[in-house]
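K.L.:
Those letters in the sequence shown? Residues 385 to 728, per my numbering, in order.
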Amino acid sequence: MNDIKKHLETIKQEFLKELAQVTTQQQLEEVRVKYLSRQGVITTLTQQVKELSLEDKRLYGPLFKDIKESTQQAFEQRQENLQALKLSQEAEKLAYFDVTASQPLFSKGSLHPYSQVIQLVQDVVISMGYEVIDGPEVETAYHNFEALNIPENHPARDMQDTFWLTLPGLLMRTHTSSVEVHAMQKRTLPLAVFAPGRTYRNEATDASHDFMFMQAEGLFIDKKVSLSHLFATVKTFLQALFETKDLSIRIRPSYFPFVEPGVEIDMSCPFCTQGCSICKKTRWIEICGAGLTHPHVLKACNINPNEYSGFAFGFGLTRLVMLKYGITDIRLLHTNRIEFLKQF
Ligand code: FA5
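1. Please name the residue in Ile687, Ile671, Phe697, Asn688 whose C-alpha comes closest to that of Arg703.
2. Any idea which residues DSSP pairs Asp650 with across the strands?
3. Please name the residue in Ala674, Phe655, Gly673 whose C-alpha comes closest to that of Lys665.
4. Nearest-angstrom Cα distance between Tyr444 and Thr408?
5. Under the rule that 16 or more other beta-carbon atoms within 10 Å means buried, what is Phe529, buried or exposed?
6. With a CB to CB cut of under 7 angstroms and the five nearest residues on each side skipped, what residues in its chain are close to Asp594?
7. Nearest-angstrom Cα distance between Val501 and Asp542?
8. Using a threshold of 8 angstroms, state whether the C-beta atoms of Gly675 and Val643 are closer than that.
9. Cutting at 8 angstroms between CB atoms, please list the residues of its own chain near Glu523, excluding the five before and the five after it.
10. Since Glu460 is in the alpha helix (DSSP H), which residue starts that stretch and which ends it?
11. To the nearest angstrom, how far is the alpha carbon of Phe621 from that of Cys653?
12. Return the chain-ordered ranges of every alpha helix (DSSP H) run that is complete within the region 670-716 and spans a minimum of 4 residues.
13. Would you kindly check if the distance between the Cβ of His613 and the Cβ of Phe695 is under 8 angstroms?
14. Got a sec? Which residues, its chain only, sit under 6 angstroms from Ser592 by beta carbon, not counting five neighbours each side?
15. By the 10 Å Cβ neighbour count, where 16 or more other Cβ atoms means buried, how is Val705 classified, buried or exposed?
16. Heavy atom of the ligand FA5 less than 7 angstroms from the Cβ of Met556, yes or no?
17. Taking the alpha carbon of Tyr341 as the reference point, which residue from Phe459, Pro488, Pro645, Val609 has its own alpha carbon closest?
18. Does the Cβ of Asn688 have 16 or more other Cβ atoms within 10 Å, making it buried, or fewer, making it exposed?
19. Identify which residue in Lys570, Ala588, Thr455, Met512 has its Cα closest to the Cα of Gln544.
20. Could you give the DSSP three-state label for Phe724: helix, strand or coil?
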């Protein structure tokens, strides 16, 4: 009978070992089915007590009873532990669930300050009846200079240091005035076009000059166009752009070979009333070059200057962006530094 005792003890130890390894309800159920169900190893074993003689029953009955009860107890204990573990895990999850917690930070993109200002400027000129057009950045000397009344060897070519390409007669456009020529050659009259875009100059860079920057150009050609149309247009444009009627313009004579007369237009500072660092305490800001389209330019584009006249105005769009956002170094706009761009 010592064998029975040993066998009972072995089964019990196997059961306890498997029970200790259980970590899920499903594993617990598997152990129950294996050992404690109606066909289970321990149930079957303990039922063998009935087959013992009276003497053995008296002797070993308590052993069978013990294995039945102690395994059942161990099972229930493990079941309770698992249940408690599950509850505490759920409670832990709930404890960290904070409906007011903020979302993890994610990077949100934004439009480059250039794009923002271009959009604004375009909205204004479109509302004034202009069509926004584009032109090539790689340009012919003809469109960039000759058709604009700047023939070869003319000293005015030195006003804009040029990046010449190795292909003869080709260059990186030095100003958006070249788009005027394309527009006048291709379009029917009257025309009102506006051309923003990149321009290039072979210049040393500093805080206010770069070798690549943006300009924008407005051109209006019709019959009997005069300087007063030009001034009214530029003033209306600037007032809309800076969202104030309290903005006046000041005209100074200037020279650009493709306009006659040529002028520089200053605007009253929209950022102060007493003088500030932006207007250098002068209350005026230089804003654009302009003038009436030169008859030579009209002729070069097959427009009869006796019938038609027009005006053009061009400004540094980069300068406008810098003014609007108080950017003091032009190079920041072109270096793609994320700390800088994040601010817009
Ligand atoms: C012109 O380029 C003329 N095409 C403008 C014009 C158009 C006059 C129509 C008359 C009629 P200017 O060279 O001054 O002009 O350049 C215009 C603006 O471009 C300047 O006022 C300045 O704001 C900007 N600019 C010129 N060079 C640079 C540079 N290296 N870096 C940044 N901005 C520049």
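Where is the CB? At the ideal position from N, CA and C, for every residue including glycine.
P.N.:
Reading it off the structure:
1. Ile671
2. Arg634, Glu670
3. When only C-alpha atoms are compared, the closest one is Phe655.
4. 35 angstroms
5. By the C-beta density criterion, Phe529 is buried, having at least 16 other C-beta atoms within 10 angstroms.
6. Ile714, Arg715, His718
7. 30 angstroms
8. yes
9. Leu554, Leu555, Met556, Arg557, Ser562
10. 438-479
11. 15 angstroms
12. 679-684, 701-709
13. yes
14. So the qualifying residues of the chain are Ile714.
15. buried
16. no
17. This structure cannot speak to residue 341, because the chain is shown only from 385 to 728.
18. exposed
19. Ala588
20. Helix.
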